[in-house]
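Counting from 1 along the sequence shown, just add 15 to a position and that's the residue number in our numbering. No residue lacks a Cβ here, since even glycine has one placed at the ideal position from N, Cα and C. These notes are about the structure you will find just below.
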Amino acid sequence: MRIARELWSGPRPWLRGPASFDGDWLVLDKQQAVEYHPYEEKGIAFALANVRTPRDAVEFIGKYGMLKHGPEDEDCREAFLEWQQEANCIQNVFFLVRALREGVRGNMELAERVKPNIQYLFSAPPANERETLEQIAKTIALIINQGLNGVGQGIAAHQVDFEVGQLGGFAFIARPHNLLGYIYHELAMLIVNQVPVNTCEGCGRVFLVKDVRQKYCSPQCSNRARFNRWYKKNKKPNEG
């Protein structure tokens with residue numbers, strides 16, 4: 016029986032490599048780009064959420080590639096404005112997740128902040144805190160489902176180990192058409208698995224929380240914040 020390759024192959028490869036910012040456009044140098052599998056990488060959703068400048072986007076492309084243009088595209092260029100919109104969307108999802116999780120624990124401060132921004136999605140304002148959190152949860156699901164629109168599903172067969180006579184097993188995977196689909200798949204898994212995330216109090220970057228006491232994304236941000244507190248406490252009145 017002959018089986019079409021796209022039905023049995025593993026995760027779709029993508030391109031990453033040197034890029035430049037040309038006017039309003041981000042451009043991947045396809046001649047120097049190399050193929051890789053996004054499933055081998057972790058944290059792509061965090062990386063996109065923290066893209067703020069063209070330089071950030073160029074660095075992102077070097078590590079992960081373009082959002083929508085890949086191996087089959089001759090001209091790999093994308094408008095930076097679209098990147099900003101996608102990055103803001105991912106940032107908003109992370110913020111909504113924080114608001115929801117803190118609200119469930121009894122702290123409704125963030126939930127009250129986001130409530131006016133999602134009211135247009137619902138026919139009536141929430142009557143109480145429970146309904147506020149339900150509307151936030153539904154908003155998260157709506158955004159992620161839109162991002163997953165068109166993303167297929169399948170399984171990938173792992174390599175058979177003939178020496179020990181064992182089948183490597185199977186993995187359930189998403190099969191998106193582009194990197195943005197991978198990003199929304201990763202984002203969905205982070206939320207479903209309740210992975211802790213936070214926003215750095217120093218630089219505002221979204222990061223994966225490894226310690227519940229963690230307030231900064233890196234030791235550098237923590238040290239910088241500590242120095243700023245020390246400086247404000249110790250500076251002389253006549254200093255600027």
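Asked	Found
Chain-order list of residues whose beta-carbon lies under 8 Å from that of E124 (same chain, five-residue window excluded)	E117
Proximity below 8 Å, CB of A102 to CB of V66	yes
Identified DSSP bridge partners for Y51	W29
Euclidean distance between Cα positions of D90 and S35	13 Å
Opposing strand residues paired with V212 [DSSP bridges]	L223
Closest Cα partner of Q150 within the set C104, Q134 and Y54	Q134
Distance CB(R120)-CB(V212) smaller than 8 Å	no
Exposed unless 16 or more other CB atoms sit within 10 angstroms - verdict on K153	exposed
Inter-residue Cα distance where the pair is F75 and D37	16 Å
Cut-off 8 Å between Cβ atoms - residues of its own chain near L41, not counting five sequence neighbours on either side	A34, S35, P69, A72, V73, I76, M81, R92, E93, A94, F95 and W98
Classification of A186 by the beta-carbon crowding that lies within 10 angstroms, buried from 16 upward	exposed
L202 and A60 closer than 8 Å at C-beta	yes
Beta-bridge partners of G170, as assigned by DSSP	The residue you asked about is not Gly; residue 170 is Ile in the sequence shown. Answer by DSSP bridge pairing, in chain order: F187.
8 Å Cβ cutoff met for V221 and H200	no
R70: first and last residue of the uninterrupted alpha helix (DSSP H) it sits in	P69 to K78
Per DSSP, the bridge partner or partners of V42	S35 and R92
Length of the line joining the Cα atoms of G217 and C104	21 Å
Spatial distance of L224 from A139 (CA atoms)	According to the sequence provided, residue 224 is Val. The question's Leu does not apply to it. Their backbone Cα atoms lie some 35 Å apart in a straight line.
Same chain, Cβ closer than 8 Å to I159, five either side skipped, listed in chain order	V108, Y199, L202, A203 and I206
Straight-line gap, C236 to R145 (C-alpha atoms, nearest Å)	35 Å
Same chain, Cβ closer than 8 Å to P86, neighbours up to 5 away in sequence not counted	P28, W29, L30 and E50
Selection from L136, L63, N122 and H84 that minimises the alpha carbon distance to Q100	L63
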